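These notes are about the structure you will find just below.
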């Protein structure tokens with residue numbers, strides 16, 4: 411017989427010759443083995459699930475932490491920038507305050523310059539008007555207008571010299587009857603005639619008592635006195651510019667008056683130019 | 128900026144000259160002078176003025192009468208009028224404003240004050 415033919419596959423039929431308890435034991439062992447395997451597999455699956463979950467959580471946390479880190483960094487940068495901007499802002503505010511101060515200073519200077527120009531313009535106009543006429547009466551009128559409209563004297567009188575007396579020739583705001591001729595060197599008006607500057611009077615005598623006296627003189631030639639008795643209602647007191655005007659009036663007013671008086675005395679005849687040439691002995 | 132026309136009515140040549148000097152600081156303002164109220168009325172017929180500055184105490188036709196006449200003039204009834212005067216009482220001011228004046232300045236004047244008021248009335252800077 412062929413060996414191959416003789417060899418038979420192992421049979422699965424239980425050997426009825428094996429003891430029964432061994433079979434049972436083997437079955438139990440397999441069952442236990444598979445059960446354990448199943449349990450281990452389940453546990454492994456659970457553990458894997460747990461690990462997967464944990465990985466996911468950690469990844470989420472990681473993303474969150476990264477974002478927070480970026481945000482913290484951004485915030486730190488913002489804070490630095492804010493501090494820098496605040497510094498710049500404070501610098502600008504300080505500069506702005508300085509510029510504001512300078513601007514105010516310039517505005518005040520400009521106002522002062524404007525006021526000075528205004529005062530100079532008044533002086534110029536007054537001077538020009540004083541010399542704009544050769545009529546003595548018009549010169550006296552101009553003096554009066556100057557006192558009233560430029561200085562703000564509501565009540566005044568113009569005295570002109572006549573020998574040893576001062577005669578009131580024009581007045582405003584005071585009754586002519588209240589004025590009288592003054593003797594040179596006597597009384598306030600008479601004494602002022604001999605002085606060289608505008609006088610502020612502090613006399614408490616009853617009115618009419620002059621508050622300010624302006625001696626009219628050209629060099630050593632004395633012509634008269636302007637007496638101011640009261641200021642206009644809206645004029646509280648005389649300012650420095652007013653006293654400048656009165657000083658100008660003291661000389662230019664006198665000069666205009668003298669010129670006009672001489673012109674009137676010459677009956678309007680202006681001397682021929684030969685009178686202006688140097689005399690024979692002086693050539 | 129277009130040129131504006133201003134009429135200055137003042138019988139005192141000195142005061143008139145000072146006002147003209149002050150107003151010369153406003154480059155867009157042309158000034159015409161009148162030496163009393165009657166002269167002013169004559170000049171008002173020759174042009175349309177943007178501003179009238181007038182004294183009160185003037186011969187022939189005083190400033191307040193002039194203001195009244197201007198306010199009844201069809202051409203100038205709304206033209207701003209500024210009074211420049213030595214009359215400083217509150218009653219004088221009130222009367223002038225009631226008659227139609229728009230501003231009231233007392234003498235002695237300060238050029239910066241006049242300029243500021245003129246600019247205000249003409250609405251220029």
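Chains as they are written, first to last, in the working numbering: chain W, 411 to 693; chain P, 128 to 252. Ideal Cβ positions, reconstructed from N, Cα and C, are used throughout, including at glycine. Computed from a predicted model, the values in this text were never measured in an experiment.
Short CB-CB distance (under 8 Å) between residue 535(W) and chain P: Chain P has a Cβ within less than 8 Å of the Cβ of residue 535(W).
Is the CB-CB distance between residue 655(W) and residue 504(W) below 8 Å? no
Whose C-beta lies closer than 8 Å to the C-beta of residue 604(W) among residues of the same chain, with five residues either side of it excluded? 594, 595, 625, 632
Any C-beta of chain P under 8 Å from that of residue 560(W): Yes - at least one Cβ of chain P is within 8 Å of the one on residue 560(W).
Could you check whether the Cβ of residue 238(P) sits closer than 8 Å to any Cβ belonging to chain W? yes
Determine, using beta-carbon pairs with one atom in the stretch 156–164 of chain P and one in the stretch 198–209 of chain P, whether at least three such pairs fall under 8 Å. no
Along the stretch 640–654 of chain W, what residues have a CB closer than 9 Å to any CB found in chain P? 642, 643, 644, 645, 652
Is residue 141(P) close to chain W? Criterion is C-beta to C-beta, closer than 8 Å. yes
Contacts that residue 144(P) makes with chain W (C-beta to C-beta distance below 8 Å): 535, 538, 539
What is the DSSP secondary structure of residue 638(W), counted as helix, strand or coil? Strand, per DSSP.
Would you tell me roughly how many angstroms separate the C-alpha atoms of residue 543(W) and residue 140(P), rounded to the nearest one? 12 Å
If distances are taken between C-alpha atoms only, which option among 673(W), 641(W), 449(W), 574(W) comes closest to residue 601(W)? 574(W)
Could you list which residues in chain W have their beta carbon closer than 7 Å to that of residue 215(P), in chain order? 642, 643, 644
Any beta-carbon of chain P closer than 8 Å to the one on residue 531(W)? yes
Give the interface partners of residue 556(W) over in chain P, defined as CB-CB distance under 7 Å, in chain order. 141
State the beta-bridge partners of residue 477(W) as determined by DSSP. Its beta-bridge partners do not exist; DSSP assigns none.
Under a three-way DSSP split, which group does residue 625(W) fall into? strand
Starting from residue 209(P) and walking both ways along the beta strand (DSSP E), at which residues does that stretch end? From DSSP, the beta strand (DSSP E) with residue 209(P) extends over 208–212.
In the structure shown, what three-state DSSP assignment does residue 611(W) receive? coil
Taking 8 Å as the cut-off, decide whether the C-beta atoms of residue 559(W) and residue 234(P) are in contact. At the C-beta level, residue 559(W) and residue 234(P) come within 8 Å of one another.
Using a cut-off of 8 Å between C-beta atoms, extract the partners of residue 528(W) located in chain P. Within 8 Å Cβ-Cβ: 149, 237, 238, 239.
Per-residue DSSP class, three states only, for residue 486(W): Residue 486(W) carries a helical assignment under DSSP once its states are collapsed to helix, strand and coil.
Could you check if residue 578(W) is buried or exposed, using at least 16 other CB atoms within 10 Å of its CB as the buried criterion? buried
So residue 564(W) is in the beta strand (DSSP E); what residue range does that whole segment cover? 563–572
Report the neighbours of residue 524(W) on chain P: residues whose CB is nearer than 8 Å to its CB, in chain order. 238, 239
Which ranges does the beta strand (DSSP E) cover as unbroken runs of at least 3 residues, wholly within the stretch 645–684 of chain W, from first to last along the chain? none
How close, in whole Å, do the beta carbons of residue 628(W) and residue 668(W) come, if the pair is a contact with beta carbons under 8 Å? Residue 628(W) to residue 668(W), Cβ: 6 Å. Contact.
Same chain only: Cβ atoms within 6 Å of residue 592(W), ignoring 5 sequence neighbours per side: 576, 599, 600
Helix, strand or coil: which one does DSSP assign to residue 605(W)? coil
Is residue 154(P) near the ligand NAP, with its Cβ less than 7 Å from a heavy atom? The ligand NAP is absent from the structure shown, which contains no ligand whatsoever.
Pick out whichever of 214(P), 198(P), 191(P), 152(P) has its Cα sitting closest to the Cα of residue 645(W). 214(P)
Does any C-beta atom of chain P lie closer than 8 Å to the C-beta of residue 552(W)? yes
Proximal chain W residues relative to residue 252(P), where beta-carbon distance stays under 7 Å: Per Cβ cutoff of 7 Å: no residues; residue 252(P) is ~15 Å from chain W at best.
Determine, for residue 233(P), whether the minimum Cβ-Cβ distance to residues of chain W falls below 8 Å. yes
Pick out whichever of 245(P), 154(P), 251(P) has its Cα sitting closest to the Cα of residue 181(P). The option with the nearest alpha carbon to residue 181(P) is 245(P).
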